[in-house]
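Engineer:
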Amino acid sequence: MKVFLQNLTLTASIYTVLTFATSLLPVVAGETSRSSQIPQGLRRISQETATGQSGSEIPLIELSPGYGVNISFISSGEIVEKVWLDNPAIASLDVDGCLSGLGRECNSPGATVLHLRRINPIDMPQLPKMNSSLLTVVAKGNSGRRVYLFRVATANTKPKYHTIEVTPHTQEEPEIRELLPQYQNLQAISRGLEIAQKQRLISPESRLWQRIKNFLTNVKSGESVSNAARKAGITLQLVNRLIELGQTTPVNTLRQRLVNQ
1 MKVFLQNLTL TASIYTVLTF ATSLLPVVAG ETSRSSQIPQ GLRRISQETA TGQSGSEIPL
61 IELSPGYGVN ISFISSGEIV EKVWLDNPAI ASLDVDGCLS GLGRECNSPG ATVLHLRRIN
121 PIDMPQLPKM NSSLLTVVAK GNSGRRVYLF RVATANTKPK YHTIEVTPHT QEEPEIRELL
181 PQYQNLQAIS RGLEIAQKQR LISPESRLWQ RIKNFLTNVK SGESVSNAAR KAGITLQLVN
241 RLIELGQTTP VNTLRQRLVN Q
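Numbering (this note's numbering), first residue to last: 1 to 261.
1. Between V80, N185, I212 and F150, which lies nearest to Q263 when the distance is taken from Cα to Cα?
2. Quick one: using the 10 Å Cβ neighbour count with 16 as the cut-off for buried, is S46 buried or exposed?
3. If you scan the region 89 to 145 from start to end, which runs of the beta strand (DSSP E) of 3 or more residues do you find wholly inside it?
4. As a quick exercise: from P159, V147 and R44, pick the residue whose alpha carbon is nearest that of S72.
5. Does the region 142 to 161 come into contact with the region 47 to 67, if we say contact requires no fewer than three beta-carbon pairs (one atom in each stretch) closer than 8 Å?
6. Roughly how many whole angstroms lie between the Cα atoms of Q237 and R104?
7. Please go through the same chain and pick out, in chain order, the residues whose beta-carbon is closer than 7 Å to the beta-carbon of Q171, but skip the five residues on each side of it.
8. Among V95, Q187 and V147, which has the Cα closest to the Cα of V137?
9. In the DSSP assignment, what residue or residues form a beta bridge with V80?
10. If I follow the unbroken alpha helix (DSSP H) through I243, where does it start and stop?
11. Rounded to a whole number of angstroms, what is the C-alpha to C-alpha distance between T157 and Q247?
12. Just to confirm, are I79 and T112 a CB contact at a threshold of 8 Å?
13. Are the CB atoms of L245 and L216 within a distance shorter than 8 Å?
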């Protein structure tokens, strides 16, 4: 009877680990697919980040010599009503529609794409000489009006993107359950990552692996789970799955416990 119960417990543990591994597979696949689907030269910024609701810093737009940057509101389904560039001495601003604030007379003002281009600094006695500026955008969509903020600065490096796409609000999985101390959550994530590797759900050579490692580093340095996940480019859903997977008792450990009984 005792041997039967031991085998039953061992079978249940194996089933638990495989169940969590199976549930992790679509999450990992989704993360990999999500990152691979971003075209080269495109940078996506969520509405929460650009409006300051995420708690992160104002997005920075760097303008390189000879290159412009587009800011697209097509994905968010919004129409730009007004823009302000506080320091026009370093950049020119154009839109795909018509905005009266840009020195034009418009019968039906509105735009969906803004275009920033670096220019040679203009001497404006009224403005302090700076290599940066604040860009404010007022846009209107189905859910109302929003105010977007972007930091604009000059740079001498080759641009990594040519278009910034403002993406609509997405419902993220709730914050990590604070049932365990932070260090125990980190241990569970590390164990979950090891199990995912053993199950061949993720490779140490993949970009997703490095993003998870960056997430762990950010959390250890004091970042909140949400901010660390956002900066590392992973979802809270993936973090939760790794915690669940890491909290299960490893099969080898359980087998050793049964032998010692």
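Beta carbons: idealized from backbone N, C-alpha and C, even for Gly.
Structural biologist: Quick answer:
1. The chain is shown only over 1 to 261; residue 263 falls outside these bounds and no answer can be derived.
2. Position 46 of the sequence shown, counted from the first residue, corresponds to residue 46. By the 10 Å Cβ count, S46 comes out buried.
3. 91 to 95, 113 to 118 and 132 to 141
4. Taking the first residue of the sequence shown as 1, we reach residue 72 at position 72. The shortest C-alpha separation from S72 is found at R44.
5. yes
6. Counting from 1 along the sequence shown, the entry for residue 237 is found at position 237. Counting from 1 along the sequence shown, the entry for residue 104 is found at position 104. So the two alpha carbons sit approximately 47 Å from each other.
7. Here the question's residue 171 lines up with position 171 in the sequence shown. Only weak support is given to the placement of Q171: the predicted model assigns it a pLDDT of 43, under 50, and the value that follows is read from those uncertain coordinates. If we look at Q171 and ignore the five residues flanking it on each side, it has no Cβ neighbours.
8. In the sequence shown, counting from the first residue as 1, residue 137 sits at position 137. Taking only the C-alpha atoms, the option nearest V137 is V147.
9. Counting from 1 along the sequence shown, the entry for residue 80 is found at position 80. Bridge partners of V80: A111 and A139.
10. Within the sequence shown, the letter at position 243 stands for residue 243. Residues L236 to Q247.
11. To locate residue 157, count along the sequence shown from 1; it is residue 157. To locate residue 247, count along the sequence shown from 1; it is residue 247. Looking at the two C-alpha atoms, the distance is approximately 45 Å.
12. Counting from one through the sequence shown, the residue named residue 79 turns up at place 79. Counting from one through the sequence shown, the residue named residue 112 turns up at place 112. Against a cut-off of 8 Å, the Cβ pair of T112 and I79 comes out as a contact.
13. Working through the sequence shown from its first residue, we reach residue 216 at position 216. Working through the sequence shown from its first residue, we reach residue 245 at position 245. No, the Cβ-Cβ distance between L216 and L245 is not below 8 Å.
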